[in-house]
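Undergrad: First the structure, which I've put down as structure tokens, then a few questions once you've had a look.
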Ligand code: MLT
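In our numbering, the protein residues as written are 7 to 308.
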């Protein structure tokens, strides 16, 4: 009997796929495979029985990859399984960075008791005027599963899209709209775009990739979106860019104390992949990968 331990709540659509010969285990100790969503395994002891870990999500920064490699534990992620969910939120973020939706909602809440609210709203709305995204330049940094979807959707919304990814795969390249301009130099993307969105994995080499220098290259009043990982953006540099107005709006999916109280930061609590559909897709893909490896030794997406 193969034993699988879930470190987080994994969609039952995934665990229901476990065939005869598999059982869910309450502990990691003695498990052959582990399913994990956002829980960190960095401080967790990995038992000798463990052969594979499948992360129901794209990023694997919650998994101690070096320790796994040393112990011969295969690590899977689920690339693309939540890409649509993240793409939809990024498109929402483009609009949050362009129209003062957050300010408008807060104003309505604060003034809900006003007897003449409709009249007051007509006056107040001038303060929440925004701009349109159609015709504006969007830089997509990283053209993996999520970046490619964002780029294509932005083309559909009439944006002029610039994609940067020195490692774009042939498979991914085919999925990207021919309207996307491929740029080989990140600095050029930073310089010309009105909006920038980053979709690269968190690694040692991407840590603080958006630093003071990167911010200084941006157009005055650029809008920057981060729905990848908090570590990609240097907090202090972004806070300074927001204070000076260099970055007009920073929309981030990470509750970072350095920026979250700032007037022009729109901060979400890592909701990118938080949809029922994405939870299901990731769980199904993760369970299939685990079983395929444990049953047949097949390694895909590791
Ligand atoms: C991912 O890595 O798949 C996304 O950031 C979503 C998540 O971790 O919740």
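We put the CB at the ideal spot given by N, CA and C, even for glycine.
#1: Please list, in chain order, all residues of the same chain as residue 58 whose beta carbon is under 6 Å from its beta carbon, the five residues on each side excluded.
#2: Beta-carbon within less than 7 Å of residue 17's beta-carbon, same chain only, minus the 5 sequence neighbours each way: which residues are those?
#3: Taking C-beta to C-beta, are residue 233 and residue 99 nearer than 8 Å?
#4: Going by DSSP, which residues form a beta bridge with residue 256?
#5: With a cut-off of 8 Å on the beta carbons, I'd call residue 199 and residue 248 a contact; round off their distance for me.
#6: Could you please give me the residues that DSSP links to residue 201 through a beta bridge?
#7: Taking the alpha carbon of residue 5 as the reference point, which residue from 108, 116, 235 has its own alpha carbon closest?
#8: Answer yes or no: does any C-beta atom of chain C fall closer than 8 Å to that of residue 228?
#9: Is the segment 222 to 230 close to the segment 196 to 211, with three or more CB pairs under 8 Å?
#10: Excluding the five sequence neighbours on either side, which residues of its own chain have a C-beta within less than 6 Å of the C-beta of residue 230, listed in chain order?
#11: So the candidates are 243, 72, 183, 31; which of them puts its Cα closest to the Cα of residue 158?
#12: For residue 101 and residue 75, what's the separation of their Cα atoms in angstroms?
#13: Out of 250, 133, 269, 274, point me to the one whose CA is closest to residue 261's CA.
#14: Unbroken alpha helix (DSSP H) runs of length 4 or more, entirely within the segment 65 to 108: which are they?
#15: Suppose you measure from the CA of residue 130 to the CA of residue 124; what does that come to, to the nearest Å?
#16: Following a CB-centred definition, is residue 44 positioned closer than 7 Å to any heavy atom of the ligand MLT?
#17: Quick one: what does DSSP say residue 235 is sitting in, helix, strand or coil?
TA: By the coordinates alone:
#1: 39, 80, 296, 299
#2: 285, 286, 289
#3: yes
#4: 230, 271
#5: Contact doesn't hold; Cβ gap of about 17 Å is too wide.
#6: 144, 229
#7: Missing from the structure shown is residue 5; the chain here goes from 7 to 308 and no further.
#8: The chain inventory of the structure shown lacks chain C, comprising one protein chain alone.
#9: yes
#10: 202, 253, 256
#11: 183
#12: 42 Å
#13: 274
#14: 71 to 77, 89 to 102
#15: 10 Å
#16: yes
#17: coil
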